[in-house]
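Novice: Heads up: the protein sequence lines correspond to chains R and V, in order. Numbering-wise, the working numbering puts 113 at position 111 of the first sequence, and it's gapless, one number per residue. Numbering-wise, the working numbering puts 103 at position 101 of the second sequence, and it's gapless, one number per residue. Note that the Cβ used here is the ideal one computed from N, Cα and C, for glycine as well. Take this structure, written in structure tokens, and hold onto it; I'll ask about it next.
Number of protein chains: 2
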Amino acid sequence: MATRVFSFLAGHRGPWQITQISCLVGEPLPPAGRLAMVTGTPDSSPDPVAWTLRGIRSNERYVNRQERGQLTGAQQGLGRPASSCAALIPIRKTAAWWMLTQDERRAIFEEQSHHIQVGLKHLPPVARQLHHCRDLSEQEPFDFLTWFEYAPEYESAFDEMLAEMRASEEWAYVDREIDIRVVRDP
Amino acid sequence: MATRVFSFLAGHRGPWQITQISCLVGEPLPPAGRLAMVTGTPDSSPDPVAWTLRGIRSNERYVNRQERGQLTGAQQGLGRPASSCAALIPIRKTAAWWMLTQDERRAIFEEQSHHIQVGLKHLPPVARQLHHCRDLSEQEPFDFLTWFEYAPEYESAFDEMLAEMRASEEWAYVDREIDIRVVRDP
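Here is the structure:
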């Protein structure tokens with residue numbers, strides 16, 4: 003069976019050097035120097051970790067067939083050699099969001115906020131992988147962990163994509179968001 | 003925070019007497035005499051358990067605003083004194099189902115299989131609570147656990163509802179299903 007659970011460990015070890023942790027809304031995360039993405043949920047770590055976040059690569063909840071075709075045609079995978087920059091962006095959405103029905107969430111997500119179309123504009127330079135946290139347990143600190151990889155020359159385009167997302171109607175339902183930037187050792 | 007994770011423990015204890023465990027498709031579950039529904043994930047049980055299944059009461063994935071209005075108007079809660087019969091029906095869906103996009107799953111679920119409308123015909127006599135398992139971990143044996151409660155005189159209507167569901171297009175994507183019937187001690 004393919005591994006679906008992934009954990010992000012922040013501490014003194016890991017291939018990614020943390021360059022910035024910005025808290026946009028809600029409670030911040032403690033500072034740390036390095037970040038590792040590992041498969042599964044580590045029972046214990048040989049090194050002290052500042053924090054661990056975990057999520058599951060699950061089925062898509064909003065994308066329709068036509069959009070999946072566009073995404074599959076455009077997106078590239080993680081681990082491209084030129085992608086020496088990455089970002090981990092954990093977000094939590096409000097109780098009001100989760101009380102909406104599927105058709106209402108979809109309407110805000112795409113018809114009003116153009117989440118998929120905004121993302122498509124920036125593929126393939128930005129590779130993206132979503133992890134769902136909400137149903138792993140009832141104590142998860144975030145609902146989603148999104149991991150992005152890109153080459154250094156696309157950082158300003160990546161920032162523009164985030165600014166466009168954050169100005170959308172959908173982001174009115176985000177009550178915690180941290181933006182963690184990392185670079186890979188040469 | 004409201005408890006969202008629930009566990010079903012089958013063994014020698016619990017308020018529900020198991021009267022039948024029928025395996026409709028896929029691997030069966032071991033026999034057991036009693037069933038208990040508890041909040042959370044028990045770390046250990048003082049009594050030997052035959053099996054434990056757990057799921058999370060999560061946001062709805064298919065119901066639209068109009069349907070939620072119909073459901074909210076019709077359905078009654080769990081724990082009604084007259085509901086001395088109950089059923090736990092764990093199901094797993096195929097990989098092909100999870101590869102469908104949201105609009106395709108919704109079309110099979112409701113426009114073709116009338117899952118919500120079939121359920122509505124039998125509310126309020128049958129109370130229903132869905133638990134999602136799929137994103138709790140990557141080792142869960144089922145995708146969904148549905149718990150139904152009803153008075154003994156509605157058992158044949160309940161069986162008709164299940165027969166209608168199981169004859170639907172949606173059930174072509176079910177590759178494991180167990181039907182566990184229980185009665186409450188007087």
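1. When burial is assigned at 16 or more other CB atoms within 10 Å of the CB, is D137 of chain R buried or exposed?
2. Just to confirm the assignment: which complete alpha helix (DSSP H) runs, minimum length 4, are found wholly within the stretch 88-127 of chain V?
3. Taking buried to mean at least 16 other C-beta atoms within 10 Å of its own C-beta, is V51 of chain R buried or exposed?
4. Check the Cβ-Cβ distances between M39 of chain R and every residue of chain V, and say whether any is below 9 Å.
5. Is the CB of T103 of chain V under 9 Å away from at least one CB in chain R?
6. Taking only beta-carbon atoms, is T54 of chain V less than 9 Å away from chain R?
7. With a threshold of 9 Å between beta carbons, is D177 of chain R in contact with chain V?
8. Which two residues bound the contiguous alpha helix (DSSP H) that contains Q72 of chain V?
9. Mapping DSSP to helix, strand and coil, what is D145 of chain R?
10. So, at 8 Å on beta carbons, what are the nonlocal neighbours of A169 of chain V in its own chain, with the 5 sequence-adjacent residues on each side left out?
11. I want to see whether chain R comes within less than 9 Å of T5 of chain V, judged by CB atoms only; does it?
12. Using 9 Å as the limit for Cβ to Cβ distance, is I91 of chain R near chain V?
13. Output the boundary residues of the alpha helix (DSSP H) element that contains S158 of chain V.
14. Can you tell which of V:E166, V:G16, V:V7 has the C-alpha that lies nearest to the C-alpha of Q114 of chain V?
15. Identify, in the order they occur along the chain, each residue of the same chain with its Cβ nearer than 6 Å to the Cβ of F160 of chain R, setting aside the five sequence neighbours on each side.
16. Chain R partners of A137 of chain V, CB-CB under 7 Å?
17. If we cut at 9 Å on Cβ distances, does E106 of chain R have a partner in chain V?
18. Can you tell me whether A34 of chain R is helix, strand or coil according to DSSP?
19. Within 9 Å of any Cβ in chain V, is that where the Cβ of Y64 of chain R sits?
20. According to the neighbour-count rule (16 or more other Cβ atoms, all chains shown, within 10 Å of its Cβ), is C87 of chain V buried or exposed?
21. Sort V:A174, V:L90, V:K95, V:Q19 by Cα distance to A34 of chain V and report the nearest one.
22. Could you pull out every residue in the same chain whose Cβ sits closer than 6 Å to the Cβ of V40 of chain V, ignoring the five residues on either side in sequence?
23. Using DSSP bridges, identify the partner residues of T54 of chain R.
24. Here's the rule I'm using: 16 or more other beta-carbon atoms within 10 Å means buried, otherwise exposed. How should L80 of chain V be labelled?
25. Would you kindly work out how many angstroms separate the C-alpha atoms of R56 of chain R and P188 of chain R, rounded to a whole number?
26. Going by DSSP, name the residue or residues bridged to Y152 of chain R.
27. Rounded to a whole number of angstroms, what is the C-alpha to C-alpha distance between I91 of chain V and L31 of chain V?
28. Starting from W100 of chain R, find everything on chain V with Cβ-Cβ shorter than 9 Å and list it in chain order.
29. Taking 8 Å as the cut-off, is the C-beta of E162 of chain R nearer than that to any heavy atom in the ligand GDP?
30. Count the other CB atoms within 10 Å of the CB of C25 of chain R; is the residue buried (16 or more) or exposed (fewer)?
31. Pick from V:Q22, V:T43, V:W100: whose alpha carbon is nearest that of R36 of chain V?
32. Just to confirm before moving on: does the CB-CB distance between H133 of chain R and L147 of chain R stay below 9 Å?
33. Assign T179 of chain R to one of three DSSP states: helix, strand, or coil.
34. Closer than 7 Å by beta-carbon distance: list the chain V residues that pair up with R67 of chain R, in chain order.
Specialist: So, from the listed chains and residues:
1. buried
2. The qualifying runs are 97-101, 104-108, 117-123.
3. buried
4. no
5. Using a Cβ-Cβ cut-off of 9 Å, T103 of chain V counts as an interface residue toward chain R, since at least one Cβ of chain R sits closer than that to its own.
6. no
7. no
8. 67-76
9. D145 of chain R carries a coil assignment under DSSP once its states are collapsed to helix, strand and coil.
10. none
11. yes
12. no
13. 157-168
14. Out of V:E166, V:G16, V:V7, the CA that lies nearest to the CA of Q114 of chain V is found in V:E166.
15. V128, Y152
16. The sequence given here places Asp at residue 137 of chain V; Ala does not occur at that position. Within 7 Å Cβ-Cβ: I58, S60, H134, D137, L138.
17. yes
18. coil
19. yes
20. buried
21. Of the candidates V:A174, V:L90, V:K95, V:Q19, the one whose C-alpha sits nearest the C-alpha of A34 of chain V is V:Q19.
22. S9
23. R:L11
24. exposed
25. 26 Å
26. R:C87
27. 11 Å
28. S60, N61
29. The model depicted lacks the ligand GDP and carries no ligand whatsoever.
30. By the 10 Å Cβ count, C25 of chain R comes out exposed.
31. V:Q22
32. yes
33. The sequence shown places Glu at residue 179 of chain R, rather than the Thr named in the question. Strand at E179 of chain R.
34. T103, D105, E106
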